[in-house]
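Have a look at the structure below before the remarks.
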Amino acid sequence: MSSACLREDLASRRVAWLLWGLPALAFVLGGLLDPGARTAVWTTAFLVAGISCVANASRCGRLHCYFTGPLYLLGAVATLLVGLGTVPLEWSWIPAVAIGGTVLAYVPEWVRGRYVNTRGLGGQVTARFDR
Numbered sequence: 028m029s030s031a032c033l034r035e036d037l038a039s040r041r042v043a044w045l046l047w048g049l050p051a052l053a054f055v056l057g058g059l060l061d062p063g064a065r066t067a068v069w070t071t072a073f074l075v076a077g078i079s080c081v082a083n084a085s086r087c088g089r090l091h092c093y094f095t096g097p098l099y100l101l102g103a104v105a106t107l108l109v110g111l112g113t114v115p116l117e118w119s120w121i122p123a124v125a126i127g128g129t130v131l132a133y134v135p136e137w138v139r140g141r142y143v144n145t146r147g148l149g150g151q152v153t154a155r156f157d158r
């Protein structure tokens, strides 16, 4: 694993608890709330986690963040639409897809390594995987 990648990885720092741990806790506790409060809590939790993943993917190239960032942002949109009653979807589908998608997002990391460096010489895009 490249020390530069590890140094830039927000998931390897103490701030990870704020960026992903707190939203995960809010997501679990939000499942116990009435639909109006759940909408607010889950939408916020998904937004924080999704934006954090997108930032981490661009910051250090953490591979699973390329998948979980968009997944969580879509989760925020789905939660908001279900909470507003504009999409007739069962609440249980949202955590099922979020948890399943998160687990699947780690598979490429287990196979190829934790980081992908997309900054090559002269700004060329390269695909280098670092363990």
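Going by my numbering, the first residue of the sequence shown is number 28, and it counts up by one from there.
Just so you know, even glycine gets a beta-carbon here, dropped at the ideal spot from N, CA and C.
For clarity, every value in this text was computed on a predicted model and none was experimentally measured.
With a cut-off of 8 Å on Cβ pairs, the stretch 85-97 is not in contact with the stretch 109-124, counting fewer than three such pairs.
Within 10 angstroms of the beta-carbon of Arg41 lie fewer than 16 other beta-carbons, which makes it exposed.
Exposed is the label assigned to Ala64, since fewer than 16 other Cβ atoms lie within 10 Å of its Cβ.
Per the coordinates, the alpha-carbon of Ala103 lies some 8 Å from the alpha-carbon of Ala72. The residue from Thr95, Pro122, Leu107, Ile126 with its alpha-carbon nearest to that of Glu136 is Thr95. DSSP lists Tyr142 as the bridge partner or partners of Arg89.
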